[in-house]
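S.K.: Residue 1 is where the sequence shown starts when you use full-length UniProt numbering, and the numbers rise one by one after that. By construction, the Cβ of each residue, glycine as well, lies at the ideal position given by its N, Cα and C atoms. Mind looking over this structure? Questions follow.
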Amino acid sequence: MSQLSPVNQARWARFRHHKRGYWSLWIFAVLFLLTLGSELIANDRPLIVHYQDRLYFPFITAYSESDFGGPLATAADYQDPWLAQRLSQKGWVLWAPIRFGANAINFAASHPFPSPPSRQNWLGTDANGGDVLARILYGTRISILFGLMLTLLSSMIGIVAGAVQGYYGGRIDLWGQRLIEVWSGMPTLFLIILLSSVIQPNFWWLLGITVLFGWMSLVGVVRAEFLRTRNFDYIRAAQAMGVSDRSIILRHMLPNAMVATLTFLPFILCGSITTLTSLDFLGFGLPLGSPSLGELLLQGKNNLQAPWLGITAFFSLAILLTLLIFIGEAVRDAFDPSKAL
Numbered sequence: 001m002s003q004l005s006p007v008n009q010a011r012w013a014r015f016r017h018h019k020r021g022y023w024s025l026w027i028f029a030v031l032f033l034l035t036l037g038s039e040l041i042a043n044d045r046p047l048i049v050h051y052q053d054r055l056y057f058p059f060i061t062a063y064s065e066s067d068f069g070g071p072l073a074t075a076a077d078y079q080d081p082w083l084a085q086r087l088s089q090k091g092w093v094l095w096a097p098i099r100f101g102a103n104a105i106n107f108a109a110s111h112p113f114p115s116p117p118s119r120q121n122w123l124g125t126d127a128n129g130g131d132v133l134a135r136i137l138y139g140t141r142i143s144i145l146f147g148l149m150l151t152l153l154s155s156m157i158g159i160v161a162g163a164v165q166g167y168y169g170g171r172i173d174l175w176g177q178r179l180i181e182v183w184s185g186m187p188t189l190f191l192i193i194l195l196s197s198v199i200q201p202n203f204w205w206l207l208g209i210t211v212l213f214g215w216m217s218l219v220g221v222v223r224a225e226f227l228r229t230r231n232f233d234y235i236r237a238a239q240a241m242g243v244s245d246r247s248i249i250l251r252h253m254l255p256n257a258m259v260a261t262l263t264f265l266p267f268i269l270c271g272s273i274t275t276l277t278s279l280d281f282l283g284f285g286l287p288l289g290s291p292s293l294g295e296l297l298l299q300g301k302n303n304l305q306a307p308w309l310g311i312t313a314f315f316s317l318a319i320l321l322t323l324l325i326f327i328g329e330a331v332r333d334a335f336d337p338s339k340a341l
């Protein structure tokens, strides 16, 4: 922290003073790291197999039954009693704490699907026999990564557009505003529904569509800040000295605009996660079978006799969004100079 400027040190101190947001950041970081290692926590394939004095890593590499003395060259089914007995006799196996992956089905469940929580499935199974806790882990990872990428890409486009409009003004600003008014009036959901009937949606397709229609959230903030600062004396002096527009925008004006921009990023991330969840809930999101919080919410709606589905999805999404809201409030207070310690 000693390398930070006095202004940034004061901002960091104000952020830490906001206990709710500070601890929310740590909790969110821990949850995100856990979801990044979902394969080490929930997996239907062993993490390590020691067989005949050799080490195998099935969660990374796919092996066949013939690699473990089986008659077939098909993919090894580690839930098969024959293979499990052979591995235990001639070596040992290290499993993840949850022995189900994102798309693994518990064929040994004692109740019909969706089955209630048990020792095998801590949060029960969904209507397709998948472990709810495993799908929550993988689905949360997809939601956070999608939200982060959407926030980053849309913010970059919005900052560039707002900076160009605010700095040059005139006709560029006028035509830019008219374009944004027309573009923001596009029925995004209807377009996604229309395109989904032609193209099979996937992660990158959804990301591109949402970026295409979601980059306007920061344009107004950045544009207003550039319109305010472009008439300052130091900006006019830099222009009179022949400093390039690019240098003035990046070095002198953009840092001031980023102060207001950074306070919006956690809320934009919150909205990005909600966007993917909504699309999955409506059936126009990720491909069928992909782990998703929205898909689990839909299963909870369709299976009211299994309340653990809706309750688990609701609390997972509520906790995630609440943490982001608390972080956003702390960032807002950190950049507000009127908030004294």
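Am I right that Trp95 and Pro46 are in contact with their C-beta atoms under 8 Å? What's the rounded C-beta distance?
M.R.: To locate residue 95, count along the sequence shown from 1; it is residue 95. To locate residue 46, count along the sequence shown from 1; it is residue 46. Yes, Trp95 and Pro46 are in contact; Cβ-Cβ is about 5 Å, under 8 Å.
S.K.: Shortest alpha-carbon distance to Asn302 belongs to which of Leu282, Ile192 and Pro291?
M.R.: As a position in the sequence shown, residue 302 is number 302, starting the count at 1. With distances taken between Cα atoms, Asn302 lies closest to Leu282.
S.K.: Measuring CA to CA, which of Gln52, Asp77, Ser247 and Gly70 is closest to Phe59?
M.R.: Walking along the sequence shown from the start, residue 59 turns up at place 59. The option with the nearest alpha carbon to Phe59 is Asp77.
S.K.: Roughly how far, in whole angstroms, is the beta-carbon of Arg86 from the beta-carbon of Gly69, given that I think they are within contact range, below 8 Å?
M.R.: To locate residue 86, count along the sequence shown from 1; it is residue 86. To locate residue 69, count along the sequence shown from 1; it is residue 69. Yes, Arg86 and Gly69 are in contact; Cβ-Cβ is about 6 Å, under 8 Å.
S.K.: Taking the alpha helix (DSSP H) that Arg228 belongs to, which residues open and close that run?
M.R.: Sequence index remark: in the sequence shown, residue 228 carries index 228 (1-based). Unbroken alpha helix (DSSP H) run through Arg228: Val219 to Thr229.
S.K.: Give the DSSP-derived three-state secondary structure of Leu94 in the structure shown.
M.R.: Taking the first residue of the sequence shown as position 1, residue 94 is located at position 94. Of the three classes helix, strand and coil, the one that applies to Leu94 here is strand, per DSSP.
S.K.: Which of the three DSSP states is assigned to His50 in this structure?
M.R.: Taking the sequence shown and counting its residues from 1, the one referred to as residue 50 is at position 50. In the structure shown, His50 sits in a strand (DSSP, three-state: E or B).
S.K.: Check the C-beta distance from Leu320 over to Thr151 and give it rounded, since I have them as a contact under 8 Å.
M.R.: Here residue 320 corresponds to residue number 320 of the sequence shown, with the count starting at 1. Here residue 151 corresponds to residue number 151 of the sequence shown, with the count starting at 1. So it is not a contact: roughly 14 Å between Cβ atoms.
S.K.: Pull up the distance between the alpha-carbon of Ser247 and that of Trp215, whole angstroms please.
M.R.: Mapped onto the sequence shown, residue 247 falls at position 247. Mapped onto the sequence shown, residue 215 falls at position 215. The alpha-carbon atoms of Ser247 and Trp215 are separated by roughly 24 Å.
S.K.: Using only CA atoms, which one of Phe213, Ser110 and Leu269 lies nearest to Val182?
M.R.: Here residue 182 refers to the residue found at position 182 of the sequence shown. Here the closest residue by C-alpha is Phe213.
S.K.: Grab me the residues of Thr291's own chain with a C-beta within less than 6 Å of its C-beta, minus the 5 sequence neighbours each way, in chain order.
M.R.: For this step, residue 291 is matched to residue 291 along the sequence shown. Checking the sequence, you will find Pro at residue 291 rather than Thr. Ala102, Arg135, Tyr138 and Gly139, listed in sequence order.
S.K.: Just to confirm the assignment, what range does the alpha helix (DSSP H) spanning Met258 have?
M.R.: One-based indexing of the sequence shown puts residue 258 at position 258. Per DSSP, Met258 belongs to the alpha helix (DSSP H) from Leu254 to Leu262.
S.K.: Could you give the residue range of the alpha helix (DSSP H) that holds Leu189?
M.R.: Here the question's residue 189 lines up with position 189 in the sequence shown. Looking at the DSSP string, the run of the alpha helix (DSSP H) that includes Leu189 is Thr188 to Ser196.
S.K.: Check each candidate in Ile48, Pro116 and Val7 and name the one with the smallest Cα separation from Ser88.
M.R.: Here residue 88 refers to the residue found at position 88 when the sequence shown is read from its first residue. Comparing Cα-Cα distances from Ser88 to each of Ile48, Pro116 and Val7, the minimum goes to Ile48.
S.K.: Applying the criterion that 16 or more other CB atoms from any shown protein chain within 10 Å of the CB defines a buried residue, is Met186 buried or exposed?
M.R.: Along the sequence shown, read from residue 1 onward, the residue named residue 186 stands at position 186. Under this definition Met186 is an exposed residue.
S.K.: From Trp205 to Thr261, what distance separates their C-alpha atoms?
M.R.: On the sequence shown, residue 205 is found 205 positions in, with the first residue counted as 1. On the sequence shown, residue 261 is found 261 positions in, with the first residue counted as 1. Spanning the two alpha carbons is a distance of roughly 27 Å.
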